[in-house]
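Participant: Pasting a structure below so you can have a look.
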Amino acid sequence: MKNLFFTQFSQILVVLSLTGCGKDDAPAPVDQLVMPTQAGFQMLRNQALSDLVQTQKFDAGEGVHFVSRKGTIVDIGQYELVDQLGNSIIGEVELTFIEIFDRGNMAVSNKPLMGRSNNGYLLPLVTGGQFFMQVTQGDQLVKPLNHYYVTVDAAHTGGLDMDMTLWQGEIDGTGNLAWNPVEIGLGSGEGDDGNGNPVWTDGDQAGLGFNPVTDTYDFFINEFGWTNVDRFTANSGLLTKIKVTVPAPYNETNAAVYLAYQDQPGLLAQLDLYNTNDQYFTEHFGFVPIGMTIHVIFASESNGQYVYSIKEVTIEEDHVINIEMTELERIGKDDLVDKINGLN
């Protein structure tokens with residue numbers, strides 16, 4: 005993972021005293037909306053991500069068996085941590101862990117599911133869970149000597165999907181997250197122990213197994229950072245490129261547009277291109293299925309709270325969706341997460 009992102013994330017974790025992130029009593033009238041700012045929008049996203057953080061301190065010489073709030077298991081072995089020069093780490097360290105299974109928290113923290121294909125295009129992914137893991141000793145980032153192991157309950161995303169693969173996340177210069185496929189099983193041996201459990205060798209850099217007995221995804225990897233268990237969405241029909249126009253105060257620095265596909269709760273796509281002249285969000289080449297019903301989610305900020313609009317549309321060729329100022333409402337983070345997760 006990129007060291008730059010680790011530094012940025014460590015800075016995010018100290019910003020825990022922001023306001024306006026809980027339940028909202030009533031929508032604010034549009035004439036009460038305050039002009040959005042890039043800093044204000046980023047602070048909301050940072051806080052939403054910080055709200056998902058779980059931590060555990062442990063002795064590096066003993067390793068850790070960490071169990072998250074949602075039952076995800078992280079195993080780091082004894083004396084399995086080294087510094088950036090490869091020197092063994094001893095003494096107390098701290099694990100920072102984030103897990104996201106739902107598109108509501110993906111949206112408010114700006115962690116959508118866009119994977120890089122073989123030709124370099126960003127395409128929507130369906131998730132089995134996305135995770136962030138980092139270990140520090142004081143203010144020093146440490147890394148695995150070999151691997152760490154993660155077990156994920158597939159029930160959170162509808163059960164085992166044998167088409168899933170492993171991905172690593174990369175944050176670009178604008179703060180958006182994109183996912184790159186991980187090469188699986190680069191060692192000399194892999195297989196099954198007879199009980200559905202994957203068997204890997206020390207030569208493998210990463211591995212993903214499917215355990216039907218425990219209904220879990222079991223993976224290991226040799227880098228900390230953002231990792232997920234995902235696959236590309238399956239679309240057999242015609243695709244199109246859509247545009248979402250937004251009111252004048254909003255642009256790519258202080259707002260975002262996401263797409264939630266109907267009946268696919270494990271998918272949140274993003275329109276990551278903004279046309280300044282005509283004030284609309286779009287994407288690179290056209291990945292939206294014609295005839296599909298989707299929810300267009302617009303998100304921004306106003307004076308420390310989210311501003312949003314959600315529109316349900318059935319996609320036509322070269323579809324243009326207009327977000328009007330009169331449609332915008334102010335809302336607390338938790339309420340916005342609930343609304344997005346409640347979409348069909």
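Start counting the sequence shown at 5; every next residue gets the next number (this note's numbering). From the three backbone atoms N, C-alpha and C, an ideal C-beta is built for every residue, glycine too.
(1) What do you get for Asn88, buried or exposed, if any count of 16 or more other CB atoms within 10 angstroms of its CB means buried?
(2) Given Thr41, which residues of its chain have a CB within under 8 Å of its CB, disregarding the five upstream and five downstream residues?
(3) Whole-angstrom Cβ separation of Phe223 and Val154, contact assumed at under 8 Å?
(4) Measure from the alpha carbon of Val68 to the alpha carbon of each residue in Leu48, Leu85, Val186, then state which is nearest.
(5) Can you have a look at His151 and say buried or exposed, based on whether 16 or more other CB atoms are within 10 angstroms of its CB?
(6) Tell me the DSSP secondary structure of Leu56 in three-state form.
(7) At 3 residues or longer, and completely inside the stretch 297-342: list those beta strand (DSSP E) runs for me, N to C.
(8) Inspect the beta-carbon positions of Thr100 and Val156 and report whether they are closer than 8 Å.
(9) Between the Cα of Leu149 and the Cα atoms of Ser92, Leu272, Ser313, which residue gives the shortest distance?
(10) Quick one: is the Cβ of Tyr312 within less than 7 Å of any heavy atom of the ligand PLP?
(11) Per DSSP, what kind of secondary structure is Leu48 in: helix, strand or coil?
(12) Does the stretch 325-332 come close enough to the stretch 275-282 to have 3 or more Cβ pairs within less than 8 Å?
(13) Using a Cβ-Cβ cut-off of 7 Å (strictly less than) and excluding sequence neighbours within five positions of Val341, which residues of its own chain qualify?
(14) Using C-beta distances below 7 Å, list every residue in its chain close to Glu316, excluding the 5 sequence neighbours before and after it, in chain order.
(15) Could you compute how far the alpha carbon of Lys245 sits from the alpha carbon of Glu321?
(16) Can you tell me whether Ile335 is buried or exposed? The criterion is at least 16 other CB atoms within 10 Å of its CB, across all chains shown.
(17) Within 10 angstroms of its Cβ, does Ile175 collect 16 or more other Cβ (buried), or is it exposed?
(18) Counting along the chain, where does the beta strand (DSSP E) carrying Asn232 start and finish?
(19) Taking the alpha carbon of Val292 as the reference point, which residue from Asn307, Tyr265, Ser313 has its own alpha carbon closest?
(20) Just mark Arg49 as buried or exposed, buried being the case when its beta carbon has 16 or more other beta carbons within 10 Å.
(21) For the alpha helix (DSSP H) containing Val112, list its first residue and its last residue.
(22) How far does the beta strand (DSSP E) with Lys115 in it reach, from first residue to last?
(23) Tell me whether the beta-carbon of Met168 lies closer than 8 Å to the beta-carbon of Val233.
(24) Could you check how far apart the C-beta atoms of Asn348 and Asp267 are, in whole angstroms? I think they sit under 8 Å.
(25) Take the Cβ of Phe289 as the centre, count every other Cβ of all protein chains shown within 10 Å, and call the residue buried at 16 or more, exposed below.
(26) Do Leu263 and Trp230 have their beta-carbon atoms positioned less than 8 Å apart in this structure?
(27) Can you list, in chain order, the residues of its chain whose CB lies under 8 Å from that of Met166, leaving out five sequence neighbours each side?
(28) In this structure, how does DSSP classify Glu194 when only helix, strand and coil are distinguished?
(29) Report the three-state DSSP secondary structure of Ala264 (helix, strand or coil).
(30) Would you say Val130 and Gly270 are within 8 Å of each other, going by their C-beta atoms?
(31) Quick one: grab the DSSP three-state call for Gln138.
Facilitator: So, to answer that:
(1) Residue identity check: residue 88 is Gln in the sequence provided, not Asn. It is exposed - the Cβ of Gln88 has fewer than 16 other Cβ atoms within 10 Å.
(2) When the five nearest sequence neighbours on each side are left out, the beta carbons in the same chain lying within less than 8 Å of the beta carbon of Thr41 are those of Asn258, Glu305, in order along the chain.
(3) That pair is a contact at about 5 Å.
(4) The shortest C-alpha separation from Val68 is found at Leu85.
(5) With 16 or more other Cβ atoms within 10 Å, it is buried.
(6) In the structure shown, Leu56 sits in coil (DSSP, three-state: anything other than H, G, I, E or B).
(7) Segments of the beta strand (DSSP E) lying fully in the stretch 297-342: 297-306, 309-318, 324-326, 333-335.
(8) Here Thr100 is not near Val156, since their CB atoms are 8 Å or more apart.
(9) Ranking Ser92, Leu272, Ser313 by Cα distance to Leu149 puts Ser92 first.
(10) The ligand PLP is absent from the structure shown, which contains no ligands of any kind.
(11) In the structure shown, the three-state DSSP call for Leu48 is helix.
(12) Counting Cβ pairs under 8 Å, fewer than three are found: no touch.
(13) Closer than 7 Å at Cβ, skipping near neighbours: Gly108, Asn109, Val112.
(14) Correct list, in chain order: Thr297, His299.
(15) Rounded to whole angstroms, Lys245 to Glu321 spans 8 Å at the Cα level.
(16) Ile335 is buried by the Cβ-count criterion.
(17) Within a 10 Å sphere around the beta-carbon of Ile175 sit 16 or more other beta-carbons, which makes this residue buried.
(18) Counting along the chain, the beta strand (DSSP E) containing Asn232 begins and ends at 229-236.
(19) For Val292, the nearest C-alpha among the options comes from Tyr265.
(20) It is buried - the Cβ of Arg49 has at least 16 other Cβ atoms within 10 Å.
(21) Per DSSP, the continuous alpha helix (DSSP H) segment holding Val112 begins and ends at 107-112.
(22) Neither: Lys115 is in no beta strand (DSSP E) and is coded neither H nor E.
(23) It is a contact, given that the beta carbons lie within the stated cut-off.
(24) Indeed, because the Cβ distance is near 7 Å, the residues count as touching under 8 Å.
(25) Classification for Phe289: exposed.
(26) Contact flag unset, no.
(27) Around Met166, the same chain offers Phe214 as residues with beta carbons nearer than 8 Å, after the five sequence neighbours per side are excluded.
(28) A caution first: Glu194 carries a pLDDT of 49, below 50, which makes its placement in the model unreliable, though a value can still be read off. In the structure shown, Glu194 sits in a strand (DSSP, three-state: E or B).
(29) If DSSP states are grouped into helix, strand and coil, Ala264 belongs with the strands.
(30) Yes, these two residues count as a Cβ contact at 8 Å.
(31) Residue state for Gln138 is assigned as strand, using DSSP reduced to three classes.
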